[in-house]
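Enquirer:
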Amino acid sequence: MRVANVSYTQWKSLVSAKGLSTQYLDNPDSYDIFAIEYNVSWETRVLKDGGSNQTDFEANYKPSANQPLGARPNNTASIANTFTSTGTGTALTTSLSFDQYALQVQVTGTATLTTWNVVLEGSLDGVNFSTILISTHTLGQGVIWGNGLTAPTIYIRSRVTNLFLGSATNIIVTILGQA
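First residue of the sequence shown? That's 377 in my numbering, and the numbers climb one at a time after it.
Okay, structure coming up:
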């Protein structure tokens, strides 16, 4: 969690613009006021000095403050693409950055001598993609998970770089991203 200390005026503007919930701690001579936005805590302090900030906080924010924040919304998306040859799948996007990923390859039909090389790629702009995970026929049809990557990504997609179906009909590549 990142703590961002701001002035009371800035804090009010952030809470209003972003629709954040007010939280506070009641100290003997001040209020420690904060609002949580995903992994940022916007924080300020208002002195109990009878001034305009104290009056404003007590009249406009304190009565509805300290309500349960609830859980962070779960931003999960998945898509399955069917491939009969090499190619690129449809990209998933999020307003947050994906921090967990999964890739699964399933063979349809008889899987005799089926060979593939499937990559999960990530991008910040939806144009320039880099490899995040790789699935090959030697790994089998299981799910490959990835998380805790050092670089965030906004778009993810599957791409088949090598495919020999043998007697199989196609492969189905499913990707999942969670922010």
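Virtual Cβ for every residue (Gly too), placed ideally from N, Cα, C.
1. Nearest to Ser383 by alpha carbon, out of Gln554, Gly395, Ile409, Ile551?
2. Select from Glu413, Pro528, Thr460 the residue whose C-alpha is nearest the C-alpha of Thr545.
3. Taking C-beta to C-beta, are Ala467 and Arg378 nearer than 7 Å?
4. Please check the pair Gln443 and Ser397, which I expect to be a contact at CB under 8 Å, by giving their CB distance rounded to whole angstroms.
5. Just verifying my parser: in three-state terms, what is the DSSP assignment at Asn429?
6. Please state whether the Cβ-Cβ distance between Trp492 and Leu539 is less than 7 Å.
7. Look at Ser454 and Leu479 and say whether their C-beta atoms are less than 7 Å apart.
8. Assuming Thr385 is part of the alpha helix (DSSP H), what are its boundary residues?
9. So who's on the other strand from Phe410, going by DSSP bridges?
10. Work out the CA separation of Gly426 and Asp405 for me, nearest whole Å.
11. According to DSSP, which residues form a beta bridge with Leu556?
12. Could you give the DSSP three-state label for Ser440: helix, strand or coil?
13. Mind checking which residues open and close the beta strand (DSSP E) that includes Val495?
14. Apart from the five residues just before and just after Asn457, which ones in its own chain have a Cβ nearer than 7 Å to its Cβ?
15. Between the C-alpha atoms of Val495 and Thr486, what's the straight-line distance to the nearest angstrom?
16. First and last residue of the beta strand (DSSP E) that includes Val379?
17. With distance defined between alpha-carbon atoms, name the residue in Leu445, Ala435, Arg421, Trp387 nearest to Asn403.
Expert: On the basis of the coordinates in this document:
1. Selected option, being the one with the closest Cα: Ile409.
2. Thr460
3. no
4. About 6 Å separates the two Cβ atoms, so the contact holds.
5. helix
6. yes
7. Leu479 sits away from Ser454, with the two beta carbons spaced by 7 Å or more.
8. 384-394
9. Gln399, Glu419
10. The alpha-carbon of Asp405 is positioned some 11 Å away from that of Gly426.
11. Not covered by the structure: residue 556. The range shown for the chain is 377 to 555.
12. helix
13. 491-499
14. Gly465, Thr466, Ser534, Val549
15. 23 Å
16. 378-381
17. Arg421
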